[in-house]
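Undergrad:
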Amino acid sequence: MAATGSSKKKLSTTLASNKVADDFQVVERVQNRPAGVSFQASSNARTTARAARRNISRTEPCFITKQSSYALEIAHWVNPVRKDLSHQQMIEEFLKRLGIVRHDFNLNDPSNLTNLDPTLHVCLDKFGFFAVTASLETLKKLITLVEAENRTWQNRFDDGMMYTRGFYLSRPPIVDAEYELVVLHPEIFLPKGSGLTVFSQTNGQLSGKIYVVGHDRTLRESPGTSVSPRLPAFSFDANRFGSLPLNERVYSSSF
């Protein structure tokens, strides 16, 4: 059967973007739209939210594995509650009243964001297979810091003076905090002997170690025997704004 010219269709190999990514360069998607053709755009709120969520660089490695990849996903430490703006604002105001965030904080602020491996993101955010907490040593230092500020506040109060507790985000133990991975459901998180590869960097090159569920249900270096080292506490020193570390936006800030 002969085909008419009007019924023939041609597949196009023209790309929507004419930019080339080089060395994790962030490339905006450019839409080449013919004149006179209209497209139904998504809502302004949704577009704004997507832009806000990319508040940290794609070059920043995974918070846990330290591996860099275009596949990494943005994770929120405190859920942004995107479908309920009023609830989101209530959370932001609550955190501000606690005095643990800056006055201009919002849930899409870089201090509430991190890059995560997609599988780890799902395991943390959706299923709660593991949690991230400060290391024991960091917690001890933070307790000492808070107790010292509390004593100062009490002394000033006893003398009839006003005092606002202040914690400088650019000083230890906040600036050099260490974290630990607490696996709540190890056999589900790493089933059937699977492992988690965690990388370290030496001279610009990554080298990885595989951690599996050990005999005591903690993550241990493969093969996971009683003498295998446990997954150690880790820091995160990826710079975001020049020389500024994670969870910090200014050199000297108090709350």
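Counted from 1, the sequence shown has number 247 at position 33 by our numbering; the numbering is strictly sequential.
No residue lacks a Cβ here, since even glycine has one placed at the ideal position from N, Cα and C.
This structure is a prediction, so every number in the text was calculated from the model and none was measured.
(1) Quick one: measure Cβ to Cβ for V412 and T279, integer angstroms, because I've assumed they're closer than 8 Å.
(2) Using DSSP with H/G/I as helix, E/B as strand and the rest coil, what is E392?
(3) Pull up the distance between the alpha-carbon of L299 and that of P443, whole angstroms please.
(4) Since L356 and P386 are thought to touch, with beta carbons under 8 Å apart, how far apart are those beta carbons, to the nearest angstrom?
(5) Short of 7 Å in beta carbon distance, which residues of its chain neighbour S421, apart from the five on each side in sequence? Order them along the chain.
(6) Since C276 and D339 are thought to touch, with beta carbons under 8 Å apart, how far apart are those beta carbons, to the nearest angstrom?
(7) Can you give me the C-alpha to C-alpha distance between R431 and P437, rounded to a whole angstrom?
(8) Check this for me: beta carbons of A447 and S325, under 8 Å apart or not?
(9) Which residues does DSSP list as the beta-bridge partners of F413?
(10) Quick one, which of K354, N369, A345, F381 has its alpha-carbon nearest P400's?
(11) Quick check on I288: does DSSP put it in helix, strand or coil?
(12) Give the straight-line distance between the Cα atoms of L398 and G374, rounded to the nearest whole angstrom.
(13) Give me the Cα-Cα distance between R365 and D318, rounded to the nearest whole angstrom.
(14) Sort out for me which residues DSSP pairs L330 with in a bridge.
(15) Mind checking who F448 pairs with in its DSSP beta bridge?
(16) What does the alpha-carbon distance come out to for the pair L404 and T333?
(17) In terms of DSSP beta bridges, what is V427 paired with?
(18) Report the rounded CA-to-CA distance for S440 versus W367, giving the unit in angstroms.
(19) DSSP three-state label for F319, please.
(20) Just confirm the distance between the C-beta atoms of E392 and H335, as a whole number of angstroms; I'd bet it's less than 8 Å.
TA: Here's the rundown:
(1) Your numbering for residue 412 matches position 198 in the sequence shown. Your numbering for residue 279 matches position 65 in the sequence shown. By a beta-carbon distance limit of 8 Å, V412 contacts T279. Their separation comes to about 5 Å.
(2) In the sequence shown, residue 392 corresponds to position 178, counting from 1. Note: E392 maps to coil in three-state DSSP.
(3) Counting from one through the sequence shown, the residue named residue 299 turns up at place 85. Counting from one through the sequence shown, the residue named residue 443 turns up at place 229. Using only the alpha carbons, I get a separation of about 45 Å.
(4) Residue numbering aside, residue 356 sits at position 142 when the sequence shown is read from its first letter. Residue numbering aside, residue 386 sits at position 172 when the sequence shown is read from its first letter. The Cβ separation is near 10 Å, so there is no contact.
(5) For the purposes of this step, residue 421 is identified with residue 207 of the sequence shown, where counting begins at 1. Once the five neighbours on either side are set aside, the close Cβ partners of S421 are F413, S414.
(6) Within the sequence shown, residue 276 is the residue found at index 62, counting from 1. Within the sequence shown, residue 339 is the residue found at index 125, counting from 1. Actually they do not touch by this definition, with Cβ atoms about 14 Å apart.
(7) Working through the sequence shown from its first residue, we reach residue 431 at position 217. Working through the sequence shown from its first residue, we reach residue 437 at position 223. About 13 Å.
(8) Within the sequence shown, residue 447 is the residue found at index 233, counting from 1. Within the sequence shown, residue 325 is the residue found at index 111, counting from 1. One thing to note: A447 has its Cβ no nearer than 8 Å to the Cβ of S325.
(9) Reading the sequence shown from its first residue, position 199 is the one you call residue 413. Paired residue(s): G422.
(10) Indexing the sequence shown from 1 puts residue 400 at position 186. Here the closest residue by C-alpha is A345.
(11) Translated into the one-based positions of the sequence shown, residue 288 becomes position 74. Strand, per DSSP.
(12) Residue numbering aside, residue 398 sits at position 184 when the sequence shown is read from its first letter. Residue numbering aside, residue 374 sits at position 160 when the sequence shown is read from its first letter. Spanning the two alpha carbons is a distance of roughly 47 Å.
(13) Taking the sequence shown and counting its residues from 1, the one referred to as residue 365 is at position 151. Taking the sequence shown and counting its residues from 1, the one referred to as residue 318 is at position 104. Their Cα atoms are separated by approximately 28 Å.
(14) Within the sequence shown, numbered from 1, the residue matching residue 330 stands at position 116. DSSP lists E287 as partners of L330.
(15) In the sequence shown, counting from the first residue as 1, residue 448 sits at position 234. Note: F448 sits in a beta bridge opposite Y393.
(16) The residue you call residue 404 lines up with position 190 of the sequence shown. The residue you call residue 333 lines up with position 119 of the sequence shown. Each residue's Cα considered, the two are about 11 Å apart.
(17) Translated into positions along the sequence shown, residue 427 becomes position 213. Partner(s): L433.
(18) To locate residue 440, count along the sequence shown from 1; it is residue 226. To locate residue 367, count along the sequence shown from 1; it is residue 153. Answer to the nearest angstrom: the Cα atoms are 47 Å apart.
(19) Position 105 of the sequence shown, counted from the first residue, corresponds to residue 319. The answer is coil: DSSP assigns F319 none of H, G, I, E or B.
(20) Here residue 392 refers to the residue found at position 178 when the sequence shown is read from its first residue. Here residue 335 refers to the residue found at position 121 when the sequence shown is read from its first residue. That pair is no contact at about 22 Å.
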